[in-house]
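Residue numbers (the working numbering): 104 to 754.
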């Protein structure tokens, strides 16, 4: 049964392919005979040139034999040129068959890898097969020419050269199959690690912000160790391959020199000894080296590519040497020991307690910045300078300011992704860059991270285990994910990140953060792709989380109006307070509100001599306290904000 399976695999199909092209093989062998003659003349002519020519005092004879050797090189080169044509006649049909197979599978099975198979893998198989034919043919005919030449010079030379050559070739042949298996295992492990890193790297910001470095590190360590085991196993067998080259190609030259006195005493001439050394060093050693490196590396590569093009399953990595998980799971996008099924229960979710345990002393602020200064480089202008901020647990803070004012920098400092140049940042009393702080905060960036997998897996990333279905559905309802969840087909539906809009990815990331146990949520423009109604729903859901604290980098005036406190960041005009309070005392905040608000229509005639006009609008009834300068529409100002500091209309 095993023999039948072996012959029905790639090797059996390969032999069948060669048998059907025996005429091409005969033509290939015929032209290769010329290379055999070239190899034979290399050592034989050199020996005769020494023995019958130069050592006998007949330089003309010696030069004649050297000319014969040169002519052999010319004839061999002609044969090599014709060999390439025969190899092409053997290789191109293989390429055509592989293309037909790949296209047929792509059409029949809608195989996503068909394009890669056509553009890369088929060409790899074609080039590798051609290289294997060349090196294998070259070794066979070169070895034949060298051995015939040794026998013609002096049969005792065969006793010195043939045994180590045979041992080296046999040793290499023994390593072929194990070496190919371990090289394929290494390729599988390397692809698994690359696939895992490709899935993880886009979410490194979230990983750091949520303190999942150790968990992710342990997961990646499994893949790294699997690749390391495969590399060690491959290295051990590669040592055996190098040993076969040393025994079969280099040791015969040493033996010829060591046994030279014995050989000369038993009828071997000096010219024959030099010719034998030429055979070993100029013919056998290069041919064996090409065979070992070409067949040892290219052969396993060809086996891997042919197996994949044929649609055969990839053999599992070697576990019999050091054990360990199978790296193929990651190569197929699967996470070991992941339960994709969540229990079906009702949609009522239990309340998640995110409250930091109380102590006898007053609880520390949810977020505190003390004298924080930060610049993006040693010579750069400081983005934040001596900033102080205390946010109580359960608070709701909106951060506003013009572009480049440092809003995202503030969230990155709170998330521990940046460290201040001076000052301290703490989360519930713990330094922001510690694991204790990471466990109590979650950062939702503007570019939301969603990976290929089920929706439930995406929403459970920040939880130690699968989220109960009823809790997941309730969170989706609170944040506003339910319509998308139902459209996709429920929590068990597989998510394709590329098929989602930016707003849909943000809703998934927001629901994931909502389900986390972290009490402090940092929304760094995490709702910028949502419409105002969806944004309001998500922000109110986070603000109402039991024990939750919310920091929002706002990009709409409505976010600032909903917040309990507002932090205005604009260089030296930084201000902190409630919405109405900041309208009274912060020109920078009023300027932002003016840009955010719809354009006001003047209630009175324009053209006031002072360059300002009373305006009407929501809360601006032309009462004489609200004025707008002639200039960009919507820039609302209050009394005492004029350039001369004077009041207007008695205010």
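Beta carbons: idealized from backbone N, C-alpha and C, even for Gly. Please read all numbers here as calculations on a predicted model, not as lab measurements.
The C-alpha of residue 296 is placed about 7 Å away from the C-alpha of residue 327. Residue 623 has 544 and 652 as its beta-bridge partners, per DSSP. Counting only runs of 4 or more residues that sit fully inside the segment 553-629, the alpha helix (DSSP H) segments are 558-562, 572-582, 585-591 and 605-618, in chain order. For the options 343, 149 and 354, the alpha carbon positioned closest to that of residue 265 is the one of 354. Below 8 Å, too few C-beta pairs join the segment 245-257 and the segment 340-360 to call them touching: fewer than three. By the beta-carbon neighbour count (other beta carbons within 10 angstroms, threshold 16), residue 162 is exposed.
C-alpha of residue 321 to C-alpha of residue 692: approximately 46 Å in a straight line.
Contact annotation: residue 267 and residue 360 have beta-carbon atoms that are not nearer than 8 Å. Annotated three-state conformation of residue 534 is strand, per DSSP. Residue 490 carries a strand assignment under DSSP once its states are collapsed to helix, strand and coil.
Proximity of the segment 625-632 to the segment 609-617 meets the contact definition, three or more beta-carbon pairs being nearer than 8 Å.
Exclusion of the five residues before and after residue 599 leaves 555 as the residues of its chain whose Cβ lies within less than 7 Å of its Cβ. Distance from the CA of residue 317 to the CA of residue 586, rounded to the nearest whole angstrom, comes to 35 Å. With contact defined as three or more Cβ pairs closer than 8 Å, the segment 168-179 and the segment 269-286 are not in contact. Residue 281 and residue 294 have their C-alpha atoms some 20 Å from each other. Distances from the alpha-carbon of residue 333 to those of 665, 364 and 289 put 289 closest.
Nearest in C-alpha terms to residue 540, of all of 519, 583 and 181, is 519. In this structure, residue 376 lies near residue 363, with their beta-carbon atoms less than 8 Å apart.
The continuous stretches of beta strand (DSSP E) do not include residue 371, and DSSP gives it neither H nor E.
For residue 500, the pairing in a beta bridge is given by DSSP as 654 and 668. The residue from 465, 682, 165 and 240 with its alpha-carbon nearest to that of residue 390 is 240. Here the segment 182-194 lies against the segment 131-147, with 3 or more beta-carbon pairs under 8 Å apart. Between residue 616 and residue 565, the gap from beta carbon to beta carbon is short of 8 Å.
Under DSSP, residue 678 forms a beta bridge with 671.
Taking 8 Å as the cut-off, the Cβ atoms of residue 522 and residue 531 do not count as close.
Taking 8 Å as the cut-off, the Cβ atoms of residue 500 and residue 494 count as close.
Cβ neighbours of residue 637 within its own chain (closer than 8 Å, five residues either side excluded): 583, 606, 610 and 630.
Residue pairing by DSSP places residue 477 opposite 487 in a beta bridge. When the Cα atoms are used, residue 680 and residue 668 turn out to be separated by approximately 5 Å.
Taking a C-beta distance under 8 Å as the contact criterion, residue 514 and residue 656 qualify as a contact pair.
The Cβ atoms of residue 613 and residue 647 do not sit closer than 8 Å to each other. Taking C-alpha positions only, residue 508 is separated from residue 498 by approximately 23 Å. As DSSP reads the structure, residue 527 sits in a beta bridge with 473. Inside the segment 314-362, DSSP marks whole alpha helix (DSSP H) runs of 4 or more residues at positions 316-348 and 354-361, from first to last along the chain. 485 is the residue among 534, 485, 533 and 604 whose C-alpha sits nearest the C-alpha of residue 512.
Residue 658 and residue 557 have their C-alpha atoms spaced approximately 31 Å apart.
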